[in-house]
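Engineer: Per our numbering, the very first residue in the sequence shown carries number 528; after that it's consecutive.
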Amino acid sequence: RMAGAVAAVRNIRNPVELAYAVMTQSDHVMLQGRGAEEFAKLHGIKTEPDEYFYSDFRYRQWEKMKNSHGTALDHDVQLTDKKFGTVGAVALDQHGHLAAATSTGGMTNKQYGRIGDSPIIGAGTYANDATCAISCTGHGEPFIRAIAAYDVSCLMEYKGHSLEEAMNIVVHDKLMKIDGEGGMIGVDAKGNTAMVFNSEGMYRGMRHSDGRAEIAVYKTE
Ligand code: ASP
Numbered sequence: 528r529m530a531g532a533v534a535a536v537r538n539i540r541n542p543v544e545l546a547y548a549v550m551t552q553s554d555h556v557m558l559q560g561r562g563a564e565e566f567a568k569l570h571g572i573k574t575e576p577d578e579y580f581y582s583d584f585r586y587r588q589w590e591k592m593k594n595s596h597g598t599a600l601d602h603d604v605q606l607t608d609k610k611f612g613t614v615g616a617v618a619l620d621q622h623g624h625l626a627a628a629t630s631t632g633g634m635t636n637k638q639y640g641r642i643g644d645s646p647i648i649g650a651g652t653y654a655n656d657a658t659c660a661i662s663c664t665g666h667g668e669p670f671i672r673a674i675a676a677y678d679v680s681c682l683m684e685y686k687g688h689s690l691e692e693a694m695n696i697v698v699h700d701k702l703m704k705i706d707g708e709g710g711m712i713g714v715d716a717k718g719n720t721a722m723v724f725n726s727e728g729m730y731r732g733m734r735h736s737d738g739r740a741e742i743a744v745y746k747t748e
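1) Can you confirm whether the stretch 535-546 touches the stretch 558-571 when touching is taken to mean that 3 or more C-beta pairs between the two stretches lie within less than 8 Å?
2) Taking the alpha-carbon of Glu636 as reference, which of Glu741, His596, Ser680 has the nearest alpha-carbon?
3) Please state the DSSP three-state secondary structure of Gly562.
4) If I measure Cβ to Cβ from Pro542 and keep anything under 7 Å in the same chain, skipping five residues before and after, which residues do I get?
5) Buried or exposed for Ser736, going by 16 or more other Cβ atoms inside 10 Å?
6) Within 10 Å of its beta-carbon, does Tyr749 have 16 or more other beta-carbons around it, so buried, or fewer, so exposed?
7) For ligand 1, is there a heavy atom less than 7 Å away from the beta-carbon of Thr773?
8) If I follow the unbroken alpha helix (DSSP H) through Ala675, where does it start and stop?
9) Just to confirm, does Thr652 get its C-beta within under 7 Å of one of the non-hydrogen atoms of ligand 3?
10) Does the distance from the C-beta atom of Gly643 to that of Gly651 stay below 8 Å?
11) Are there any heavy atoms of ligand 1 lying less than 7 Å away from the beta-carbon of Glu612, as far as the coordinates show?
12) Should Asn655 be labelled buried (16 or more other beta-carbon atoms within 10 Å of its own) or exposed?
13) Taking 8 Å as the cut-off, decide whether the C-beta atoms of Met694 and Met711 are in contact.
14) What whole-angstrom Cβ distance do Asp522 and Val697 have, given they're in contact under 8 Å?
15) In terms of DSSP beta bridges, what is Arg731 paired with?
16) Just to confirm the assignment, what range does the alpha helix (DSSP H) spanning Phe521 have?
17) Could you check what DSSP says for Ile712 in three-state terms: helix, strand or coil?
18) Determine the burial state of Lys610: buried for a count of at least 16 other Cβ atoms within 10 Å of its Cβ, exposed for fewer.
19) If the criterion is Cβ atoms closer than 8 Å, does the pair Met550 and Gly571 meet it?
20) May I ask you to list the residues that DSSP assigns as paired with Ala532?
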């Protein structure tokens, strides 16, 4: 249950690295904006100029949407057109420690200043050695309202559900009821993994130390 997060940062090459520094080198859990950037400088976190983050695909997507009130998710567009967006990872190490990380540019055409679920511990990202590590992707607002990642942990801890059962309840029932489109990846303290989504697809992959491996985009059954 150690945690670190940053939000509304610019020019940070790897925001997860900065979030890790917040977790390990500060007394805080979450830093945002200029304060987070100052903290990054102090701790030698790598930065890049604006151009480094430019994506023609995202720019064109935003151009199409800028005069509308709508927002777009990775999942709203033809998945084959899209090779990057929100990235999440979960892991169990040989000592039984669980970790989760999520990094995102957020939704296209969002209100300036909007923060999604990804950096909110318990909503888009959560890890607890006693239960599971979860990283989410999708329409952030419902994931925040549902406290989605933590809810998976709660269903395991308080109701005795398996990781997969808990993720299915959150993704296919609780999130669906509040129009929460998206999905999540998870690993539990025994090394069970699950990748569950209610969107058309979710780029995903997993690898076990015993050699089992899986990669997929759309539903497999
Ligand atoms: N969950 C992210 C957000 O709402 C977006 C995404 O996962 O694509 O900012």
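For glycine and all other residues, C-beta sits at the position ideal for the given N, C-alpha and C.
Structural biologist: Let me spell this out:
1) yes
2) Along the sequence shown, read from residue 1 onward, the residue named residue 636 stands at position 109. For the record, residue 636 in the displayed sequence is Asn; it is not Glu. The option with the nearest alpha carbon to Asn636 is His596.
3) Locating residue 562 in the sequence shown gives position 35, where the first residue counts as 1. Helix, per DSSP.
4) Numbered from its first residue, the sequence shown carries residue 542 at position 15. Same-chain partners within the cutoff: Val533, Val536, Ser630.
5) Taking the sequence shown and counting its residues from 1, one reaches residue 736 at position 209. Under this definition Ser736 is an exposed residue.
6) Limits of the chain in this structure are 528 at one end and 748 at the other, which puts residue 749 out of reach.
7) The shown model of the chain, from 528 to 748, leaves out residue 773, and the question about it has no answer.
8) Reading the sequence shown from its first residue, position 148 is the one you call residue 675. Counting along the chain, the alpha helix (DSSP H) containing Ala675 begins and ends at 675-686.
9) Among the ligands modelled here, namely ligand 1, ligand 3 does not occur.
10) As a working note, residue 643 is residue 116 in the sequence shown. As a working note, residue 651 is residue 124 in the sequence shown. It is a contact, given that the beta carbons lie within the stated cut-off.
11) The residue you call residue 612 lines up with position 85 of the sequence shown. In the sequence on display, residue 612 carries Gly and not Glu. Yes, Cβ of Gly612 sits closer than 7 Å to a heavy atom of ligand 1.
12) For the purposes of this step, residue 655 is identified with residue 128 of the sequence shown, where counting begins at 1. Classification for Asn655: buried.
13) For the purposes of this step, residue 694 is taken as residue 167 along the sequence shown, with counting starting at 1. For the purposes of this step, residue 711 is taken as residue 184 along the sequence shown, with counting starting at 1. Yes; because the gap between Cβ atoms is below 8 Å, this pair is in contact.
14) It is not possible to answer for residue 522, since the shown part of the chain is limited to 528 through 748.
15) For the purposes of this step, residue 731 is identified with residue 204 of the sequence shown, where counting begins at 1. Paired residue(s): Ala743.
16) A query on residue 521 cannot be resolved here, the shown segment of the chain reaching from 528 to 748 and no further.
17) Position 185 of the sequence shown, counted from the start, is the residue given in the question as residue 712. Strand.
18) As a first step, residue 610 must be located in the sequence shown, where it is residue number 83. In this predicted model, Lys610 has a pLDDT of only 40, less than 50, meaning its place in the structure is not dependable enough to derive any value.
19) Looking up residue 550 in the sequence shown gives position 23. Looking up residue 571 in the sequence shown gives position 44. No, these two residues do not count as a Cβ contact at 8 Å.
20) As a first step, residue 532 must be located in the sequence shown, where it is residue number 5. Beta-bridge analysis with DSSP links Ala532 to Met557.
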